[in-house]
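Heads up: the protein sequence lines correspond to chains A, B and C, in order. Here my numbering is used: the first residue of the first sequence is 1, the next is one more, and so on. Here my numbering is used: the first residue of the second sequence is 130, the next is one more, and so on. Here my numbering is used: the first residue of the third sequence is 259, the next is one more, and so on. No residue lacks a Cβ here, since even glycine has one placed at the ideal position from N, Cα and C. Since the structure is predicted, the reported quantities are computational estimates derived from the model, not experimental observations.
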Amino acid sequence: SSSVGGNVIGVGVDQELITSVPSYNPTFVSRNFTDTEITYCRAQPSPASSFAARWAGKEAVFKSLGVQSSGAAAPLKDIEILNNTDGVPCVHLHGEAKQKAEERGVAKVLISLSHSESQMSVTGLSLSR
Amino acid sequence: SSSVGGNVIGVGVDQELITSVPSYNPTFVSRNFTDTEITYCRAQPSPASSFAARWAGKEAVFKSLGVQSSGAAAPLKDIEILNNTDGVPCVHLHGEAKQKAEERGVAKVLISLSHSESQMSVTGLSLSR
Amino acid sequence: SSSVGGNVIGVGVDQELITSVPSYNPTFVSRNFTDTEITYCRAQPSPASSFAARWAGKEAVFKSLGVQSSGAAAPLKDIEILNNTDGVPCVHLHGEAKQKAEERGVAKVLISLSHSESQMSVTGLSLSR
């Protein structure tokens with residue numbers, strides 16, 4: 001099946017040490033991850049790595065949207081990263097993140113996650129139609 | 130001369146420690162690299178770094194194509210990375226990788242390689258026309 | 259406000275250890291950074307990190323333009339990276355870099371910067387109209 005692409009509006013990169021993402025903290029987790037993300041990450045061989053990958057992914061997507069960060073109040077739970085049936089991570093925007101994306105003409109966000117033993121590295125791309 | 134670009138269909142990132150790519154293993158090398166790649170890498174000041182950069186590049190391109198990994202059976206030899214006359218790394222797809230790319234409407238794959246002392250970091254982009 | 263995007267012509271990635279960028283060297287700094295960049299970096303909490311981020315950014319942009327490196331003579335001062343009012347880093351090309359970009363049909367260059375404690379990581383994208 002062929003895929004839908006688009007013009008690039010923004011790019012975002014982020015890298016995070018796995019140990020720097022406090023996925024052992026239930027408040028941090030419930031504040032920043034959706035129920036589906038939490039269920040997925042907890043079922044993986046290394047939940048800490050999976051949470052860190054998604055955390056880096058959310059930051060990269062946020063940067064690719066080109067909006068000013070509101071710091072600790074940034075709605076990172078509104079940026080949901082779920083694997084499709086081919087195992088490819090896909091971005092789903094909700095709430096305020098979705099609204100910001102629409103205001104900027106973003107129709108789709110692509111992402112790729114990579115990890116070494118200690119570090120996650122992610123690139124996100126915001127596309128218009 | 131002007132260049133041909135395209136809409137982005139997929140992005141792929143990969144990072145690899147140079148020490149984690151077994152380029153000292155002839156079976157690994159002949160299984161995953163083309164003769165032209167092998168000749169090129171062996172002629173570089175640090176063959177291990179050159180093999181590792183290409184290995185990370187193949188993984189990044191594979192991810193950018195958005196196809197399900199077939200694990201150890203993935204046809205990474207079909208993803209060939211050669212420098213053009215300007216020294217810019219270019220992606221050439223063959224066999225199964227080429228077929229998958231065509232099925233998804235990918236007309237061109239861009240790539241950039243970077244390395245620190247110990248690590249290779251790569252981003253690939255799959256473009257449609 | 260909606261944004262202007264474009265077709266991707268080139269991608270460039272770069273990673274630099276903060277300690278490997280000699281921002282303590284006035285000759286290096288004045289040779290490679292514009293006055294506006296220097297004023298900005300010196301006003302940041304960690305000037306060394308800010309210089310390193312821009313240095314990596316210049317290298318990534320240079321790679322994304324797909325031109326042959328002229329090594330130490332590369333006009334990296336011609337690649338200026340300044341934050342816009344939203345805090346998003348934006349690329350401004352001057353002189354030889356601007357000319358090379360125009361020859362290749364590059365209308366805009368997007369960039370994203372990321373840093374860990376010790377390392378900067380950047381991706382740049384050259385876009386046509």
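Limits of the alpha helix (DSSP H) - the one that residue i falls within
i: Gly-353 of chain C; result: 353–361
i: Ser-30 of chain A; result: 26–32
i: Ile-167 of chain B; result: 164–171
For residue j and residue i, the rounded distance between their alpha carbons
i: Ile-339 of chain C; j: Ser-159 of chain B; result: 43 Å
i: Asp-336 of chain C; j: Gly-135 of chain B; result: 26 Å
i: Val-266 of chain C; j: Glu-96 of chain A; result: 28 Å
i: Tyr-298 of chain C; j: Thr-292 of chain C; result: 10 Å
i: Ile-167 of chain B; j: Asn-283 of chain C; result: 40 Å
i: Phe-157 of chain B; j: Gly-234 of chain B; result: 30 Å
i: Ala-172 of chain B; j: Ala-311 of chain C; result: 32 Å
i: Thr-294 of chain C; j: Ala-236 of chain B; result: 40 Å
i: Glu-59 of chain A; j: Val-67 of chain A; result: 12 Å
i: Glu-103 of chain A; j: Val-61 of chain A; result: 15 Å
i: Lys-63 of chain A; j: Gly-57 of chain A; result: 10 Å
i: Glu-356 of chain C; j: Lys-98 of chain A; result: It should be noted that the sequence gives Lys, not Glu, for residue 356 of chain C. Looking at the two C-alpha atoms, the distance is approximately 35 Å.
Beta-carbon separation (whole angstroms), residue i vs residue j, contact threshold 8 Å
i: Lys-358 of chain C; j: Leu-334 of chain C; result: That pair is no contact at about 12 Å.
i: Ser-376 of chain C; j: Leu-275 of chain C; result: 6 Å
i: Ser-23 of chain A; j: Pro-47 of chain A; result: 7 Å
i: Asn-161 of chain B; j: Trp-184 of chain B; result: 7 Å
i: Ser-178 of chain B; j: His-244 of chain B; result: 6 Å
Residue i beta carbon near the ligand GTP (any heavy atom closer than 6 Å)
i: Asp-164 of chain B; result: Ligands displayed in this structure: none; no statement on the ligand GTP is therefore possible.
Reference residue i; option with closest CA among the options
i: Ser-149 of chain B; options: B:Phe-162, B:Phe-180, B:Thr-156; result: B:Phe-180
Residue i: first and last residue of the uninterrupted beta strand (DSSP E) it sits in
i: Val-319 of chain C; result: Here Val-319 of chain C belongs to no beta strand (DSSP E); instead the alpha helix (DSSP H) covers 305–323.
i: Lys-206 of chain B; result: Here Lys-206 of chain B belongs to no beta strand (DSSP E), and DSSP marks it neither H nor E.
i: Gly-124 of chain A; result: 119–127
i: Gly-134 of chain B; result: Note, Gly-134 of chain B: premise wrong, no beta strand (DSSP E); not H, not E.
i: Ile-369 of chain C; result: 366–373
Worksheet item: Just checking, does the region 7–26 of chain A make contact with the region 110–125 of chain A on the three C-beta pairs under 8 Å criterion?
Response: yes
For this session: Give a yes or no on contact between the region 78–89 of chain A and the region 104–117 of chain A, applying the rule of three or more CB pairs nearer than 8 Å.
Result: In the pairwise beta carbon analysis, the region 78–89 of chain A is classified as touching the region 104–117 of chain A: at least three pairs are separated by under 8 Å.
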